[in-house]
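Protein chains in written order, with the working numbering: chain S, 14 to 613; chain Z, 651 to 791. Backbone N, C-alpha and C fix where the C-beta goes; we use that ideal spot for every residue, glycine too. Presented below is the structure to which this report refers.
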Amino acid sequence: MTGRRVAVVGAGMTRFVRRAQETGKELAFQASRAALDAAEMKLGQVDAVCLTSAPDAFDGVHRKGDYLADGAGGWNKPFIRTYVGGGSGVFTAIQGWYTVASGQADVVLCVAEEKMSSCQPHPQGAFLTIFDNILERPLGPNLLWIFALEMNRYMQRYGLEKRDIAAVAVKNKRNAADHPAALLGQADISVDDVLASDVLAWPVQRLDVSPISDGAVAIIMASEETARRLTAAPVWIDGVGWNLDSTYWTNRDLSYPEYVEKAARMAYGMAGITEPRKQIHVAEPYDPFDYKELHHLEGLLLFDKGKAPEAAAAGVTARDGDLPCCPSGGLLGVGNPIAAAGLMKIAELFWQLRGEAGARQVPGTPERGVAQAWGDLMQVGTVVVMGAGGAGGLRGSGLAARPHPSPLRPDPSGQSAAPPTSMLGPTSLSDAQFRSVAGAVDTPLDVLYAWDPGDAIGAFLDGLRDGRILATTCASCGRTLVPPRAFCERCFRSTDAWMELAATGTVETFSICHVTWDMRPLDEPELPAVIRIDGSSDGGFLHKLDEVAPDDVRIGMAVEAVWRPLDDRTGSILDIAYFRPRDPAPDRELVAAAAGEMTP
Amino acid sequence: MTVRRIEGELPVAFRYTPGVGNTAFFEALRDRGTFLGSRCADCGVTYLPARIFCERCLAGLVPDTECGPEGTVESWTVARQDVDGRPLDPPVTFALVRLDGADTVLLHRLLGTADIGGRVRAVLRPERTASILDLQGFEPV
Ligand SMILES: [Zn+2]
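The following block contains the structure:
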């Protein structure tokens, strides 16, 4: 057993909306108040507050932790903000767990808030600096590239059908139609609707993606003894796990989230789960994109690699299927105020495991659930396993849950009599109202950054200026690293030698992108790709393809660098103008065979 | 080794909505020229500008408590340079003012001079737009 036993005793959330009139503080308050009311508790019973919110650049408040503290009940209390990007919402529950498990506090309020509507012209602007400022930003990347490149690799690796993946978006938006907090619930959506939606960055289409949202969620955690005093139906935190993969995202296995498996094994180990497919009854995997739910279900060991899509298409993950996944409606249906969306999954398991999810309740008596989120530069996995009842709990004692107090405001949708009935606000504004709201203030983030590339990348850029691709090698693990690094992050020692590689490589994955980072249409699609330089180890780096028709690009295609004229080179990643096929008319069968592509 | 300086921007701007509490404050200031706060009776604290919750007990609050227009200087300073370090001519005096009836302070301009503890009165602009600048500043009484 790891530390003291910890339970969730209350949960609350705001509606997720596109544009909230409320400030971030007010959103945090609405969720916190709802959780306290649901548990019939006062703020004075809370010993400590754990808060999370994703990038400061969404709210435009560059000290979001303490800024949000008052709305989260943090006044005069031990207070901490944690942050692992999209993984933050589930991670704050992990933070809450160890604050209680360690004995530092008996009762902790965990709050997750996000207000993305403040960020203009598009919240994607806040993401631009997650790309490498030296090697990736000059290419004009768009956040969708990362997902499109990963999704394409996943589809190619296992020979997946887009139709099967789209079934996830349909399931989640239909599930969300029963969630009173949902932004994009739609009971009558079909797979054809998803497949007919705008192509943003192939294979990603508009309805494959979760919406920009504002909202907040809060849960209350307590030690075992206190939890039993507070409620007849505590929901236990049985296991927690988290893991971080390489920060070089183009070096990762884009078809399988190894880090999610490692986080899941950590959580399952703590929870004593040896057969997750039998012992997990309901799952809330992270679903900012439909393929991500499938990716994550495989990483959570709930389906074999590459097998989650056909299970989704067959209804196995439906609310009444063998393994209900995202019965809440997930990020695709309820919405994606980033950090809040992760904690929403913990709240959903709380309601599901207490049998209080109303129209969303999964059949039977689920006793174990798993929630998972994912973030940073798509390489962190955060996992929480939750369990109902147990000795003295709801199912163990046969006690009914204490009835909940009536809502402070009636549920605006009137769709569900069950929790989250204590949900409050926020006030949802139309775009016109948002533009004209009294007292609003517009402020540009008027800053400019200057980055030094450092030793290894500096030498790499010198090489590009000379038309050479330079690598470093690690004698300990035997890897040849492109882009080169001064140290091997696996062996944690300085790299040993420099070497030059030919300017040829292989397309590891690619996308056909039709929009700019702020979602304006491009006249001509662009072809971002991950290129592995021949002779380098694992993965490659981000660049673009040209001199090839989009329909002719294949994963596994052999390519070569096209250099800018010598006089135009400046020691930049753009000294490579682009990569082009080595054979102008690639032999598709050979290329497919080289990539291990499944022939239909 | 070439020394490089690679520049980049974060091309975003923010639109901050004042939220429910501050909207009530700004609308009262614009339409009636009054200072609207909210009071938590349990904690005995009046917040100005109005908030929709008490930070001490998380009770929901209603913006219904008028404060001012006179108040007391809690502290003051004279700014002689702008944010970029250029001289301000004339210098600008800023004060923290606790309006009568409020437990919190407002940061604004001091029009004239007053010591800590000195009494001041709000000076409003005739044309108001629901902004903190609808308040021109505070003048000594
Ligand atoms: Zn109070």
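Would you mind telling me which residues of chain Z sit closer than 8 angstroms to residue i, beta carbon to beta carbon, in chain order?
i: residue 465(S); result: 653, 654, 655 and 656
i: residue 451(S); result: 668, 673, 676, 677, 680 and 780
i: residue 88(S); result: 705 and 706
i: residue 127(S); result: What residue 127(S) touches in chain Z: nothing, since even the nearest Cβ is about 14 angstroms away.
i: residue 70(S); result: 660 and 662
i: residue 27(S); result: Correct list: empty, because the minimum Cβ distance to chain Z is about 12 angstroms.
So what does residue i bridge to, in DSSP terms?
i: residue 525(S); result: 215(S)
i: residue 731(Z); result: 737(Z)
i: residue 512(S); result: 484(S)
i: residue 126(S); result: 229(S)
i: residue 455(S); result: 665(Z)
i: residue 26(S); result: 230(S)
i: residue 758(Z); result: 745(Z)
i: residue 556(S); result: 542(S)
i: residue 386(S); result: 395(S)
i: residue 785(Z); result: 774(Z)
i: residue 618(S); result: An answer regarding residue 618(S) cannot be provided, because it is not within the stretch 14 to 613 covered by chain S.
i: residue 92(S); result: 62(S)
i: residue 376(S); result: DSSP lists no partner for residue 376(S).
i: residue 401(S); result: 248(S)
i: residue 693(Z); result: For residue 693(Z), which the question treats as bridged, DSSP gives no partner whatsoever.
Keeping to the same chain, check which residues put their C-beta closer than 7 angstroms to that of residue i; ignore five residues upstream and five downstream.
i: residue 664(Z); result: none
i: residue 210(S); result: 218, 219 and 220
i: residue 784(Z); result: 679, 680, 774, 775 and 778
i: residue 258(S); result: 265, 271, 272 and 392
i: residue 430(S); result: Unreliable placement is indicated for residue 430(S), whose pLDDT of 36 sits below 50; the coordinate value is still reported in the next sentence. Correct list, in chain order: 371.
i: residue 303(S); result: 178, 179, 181, 182, 221 and 345
i: residue 239(S); result: 119 and 120
i: residue 464(S); result: 146 and 147
i: residue 620(S); result: Since the first residue of chain S shown is 14 and the last is 613, residue 620(S) is not available in this structure.
i: residue 628(S); result: Chain S is shown from 14 up to 613; residue 628(S) falls before or after that span and cannot be answered.
Identify the contact partners of residue i in chain Z, using a Cβ-Cβ distance below 9 angstroms as the criterion.
i: residue 213(S); result: By Cβ distance, chain Z contributes nothing, its closest Cβ being about 20 angstroms from residue 213(S), past 9 angstroms.
i: residue 46(S); result: 703, 708, 709 and 710
i: residue 34(S); result: 667, 668, 669, 670 and 673
i: residue 271(S); result: Within 9 angstroms Cβ-Cβ: nothing; residue 271(S) doesn't reach chain Z, min ~31 angstroms.
Go through its chain and collect everything with a Cβ distance to residue i's Cβ below 6 angstroms, but skip five positions before and after it.
i: residue 390(S); result: 143 and 262
i: residue 24(S); result: 48, 232, 360 and 363
i: residue 502(S); result: none
i: residue 699(Z); result: 672 and 675
i: residue 441(S); result: 30
i: residue 670(Z); result: 702
i: residue 100(S); result: 386, 387, 388, 393 and 395
i: residue 786(Z); result: 773 and 775
i: residue 56(S); result: 86
i: residue 226(S); result: 29, 196, 348, 349 and 350
i: residue 82(S); result: 92
Since residue i and residue j are thought to touch, with beta carbons under 8 angstroms apart, how far apart are those beta carbons, to the nearest angstrom?
i: residue 668(Z); j: residue 453(S); result: 7 angstroms
i: residue 550(S); j: residue 508(S); result: No, residue 550(S) and residue 508(S) are not in contact; Cβ-Cβ is about 12 angstroms, not under 8 angstroms.
i: residue 90(S); j: residue 62(S); result: 5 angstroms
i: residue 248(S); j: residue 367(S); result: 6 angstroms
i: residue 95(S); j: residue 65(S); result: 5 angstroms
i: residue 482(S); j: residue 516(S); result: 5 angstroms
i: residue 356(S); j: residue 105(S); result: 6 angstroms
i: residue 637(S); j: residue 332(S); result: Shown here, chain S extends from 14 to 613; a query on residue 637(S) therefore has no answer.
i: residue 132(S); j: residue 662(Z); result: 5 angstroms
i: residue 34(S); j: residue 379(S); result: 37 angstroms between Cβ atoms; not a contact.
i: residue 186(S); j: residue 199(S); result: 5 angstroms
Leaving out five residues on either side along the sequence, give the residues of the same chain with a beta carbon under 8 angstroms from the beta carbon of residue i.
i: residue 176(S); result: 204, 208 and 326
i: residue 504(S); result: 487, 489 and 490
i: residue 506(S); result: 487, 489 and 500
i: residue 742(Z); result: 728, 729 and 759
i: residue 418(S); result: Interpretation of residue 418(S) is limited by its pLDDT of 35, a score under 50 that renders its predicted location unreliable; the figure taken from the coordinates is listed afterwards. Hits under 8 angstroms: 50, 51, 53 and 435.
Who are the neighbours of residue i on chain S, taking C-beta pairs under 9 angstroms?
i: residue 766(Z); result: Chain S residues near residue 766(Z): none, gap ~26 angstroms exceeds 9 angstroms.
What does residue i reach in chain Z if we use C-beta pairs closer than 7 angstroms?
i: residue 479(S); result: Result: empty, since nearest Cβ-Cβ is about 11 angstroms, beyond 7 angstroms.
i: residue 146(S); result: 656 and 658
i: residue 56(S); result: 707 and 708
i: residue 83(S); result: 705
Name the chain S residues that come within less than 7 angstroms of residue i, Cβ to Cβ?
i: residue 663(Z); result: 133, 455, 456, 457 and 458
Return no unless some Cβ of chain C is closer than 7 angstroms to the Cβ of residue i.
i: residue 73(S); result: This model lacks chain C altogether, as its protein chains are S and Z.
Task: Beta carbon shell of ligand 1 at less than 6 angstroms from a heavy atom - done: 690(Z), 692(Z), 693(Z), 704(Z), 706(Z), 707(Z) and 709(Z)
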